[in-house]
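A.B. asks: Just so we're aligned, residue 0 is where the sequence shown starts under numbering that gives the first Met the number 0, counting upward by one.
We treat Cβ as the ideally placed atom computed from N, Cα and C, and that holds for glycine.
All figures in this text were calculated on a predicted structure; none of them were measured in a lab.
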Amino acid sequence: MKIKKGDLVQVITGKDRGKQGKVIQAMPAENKVLVEGVNRVKKHTKPGPGTQGGIVTVEAPVHVSNVQLVVEKDGKKVVTRVGYRFDDEGNKIRVAKRTGEDI
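(1) I'd like to confirm the pairing. Which residues does DSSP put opposite alanine 95 in its beta bridges?
(2) Within 10 angstroms of the Cβ of glutamine 24, are there 16 or more other Cβ atoms? Answer buried if so, exposed if not.
(3) Mind checking whether valine 57 and lysine 42 have CB atoms under 8 Å apart?
(4) Measuring straight from C-alpha to C-alpha, what distance separates isoleucine 11 and methionine 0?
(5) Under a Cβ-count criterion, where at least 16 other Cβ atoms within 10 Å of its own Cβ denotes burial, should aspartate 87 be classed as buried or exposed?
(6) Using DSSP with H/G/I as helix, E/B as strand and the rest coil, what is valine 63?
(7) Quick one: using the 10 Å Cβ neighbour count with 16 as the cut-off for buried, is isoleucine 54 buried or exposed?
(8) Looking at the structure shown, is glutamate 100 part of a helix, part of a strand, or coil, going by DSSP?
(9) Among the candidates Val8, Lys45, Pro46, whose CA atom is the shortest distance from the CA of valine 37?
(10) Given this structure, state the Cα-to-Cα distance separating aspartate 73 from glycine 20, to the nearest angstrom.
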C-alpha cells in the first residue's frame, strides 16, 4: 500500500470529497486507511467500568483508492500519485509522481 501512517491525504470521492486529513492508521490487509476528521460516523457505546456509555462520533475507515497523497511544492499543496525508485544502496524510496520529489 502506497499510503502510510502520518501522511497528509485528500479524499477524492464520496461524501467527504475535498477534505484533507492526516492518516491515523493504515490497514494494508483490508486496503483501508483511517483519516483524521473524515468519514465520521455515530457509534453507540455501552457503559463499562471507567467508561461512560452513549453516542460517540468516530472516524470510520476509507478505502485507499478514495484518497490521494498531498505534498507541498512552492508553498502550495498538490495532490499526487505515489511511485517508487531505488537509491544507490538499493533502498526503496517513495516519489511524488507530479512533483518528482522524494517523500
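C.D. replies: Result, derived from the coordinates:
(1) Stepping through the sequence shown from its first residue, residue 95 is reached at position 96. DSSP, once it has assigned bridges, lists Val81 as partnering alanine 95.
(2) Counting from 1 along the sequence shown, the entry for residue 24 is found at position 25. It is exposed - the Cβ of glutamine 24 has fewer than 16 other Cβ atoms within 10 Å.
(3) Translated into the one-based positions of the sequence shown, residue 57 becomes position 58. Translated into the one-based positions of the sequence shown, residue 42 becomes position 43. Yes. Within cutoff.
(4) Your numbering for residue 11 matches position 12 in the sequence shown. Your numbering for residue 0 matches position 1 in the sequence shown. Rounded to whole angstroms, isoleucine 11 to methionine 0 spans 17 Å at the Cα level.
(5) The sequence position of residue 87 within the sequence shown is 88, counting from 1. By the neighbour-count rule (16 or more Cβ atoms within 10 Å), aspartate 87 is not buried but exposed.
(6) In the sequence shown, counting from the first residue as 1, residue 63 sits at position 64. The answer is helix: DSSP assigns valine 63 an H, G or I state.
(7) The residue given as residue 54 occupies position 55 in the sequence shown. Isoleucine 54 comes out exposed.
(8) Residue 100 sits at position 101 when you count from the first residue of the sequence shown. DSSP places glutamate 100 in coil when its eight states are reduced to three.
(9) Here the question's residue 37 lines up with position 38 in the sequence shown. With distances taken between Cα atoms, valine 37 lies closest to Val8.
(10) Taking the sequence shown and counting its residues from 1, one reaches residue 73 at position 74. Taking the sequence shown and counting its residues from 1, one reaches residue 20 at position 21. Roughly 20 Å between the two C-alpha positions.
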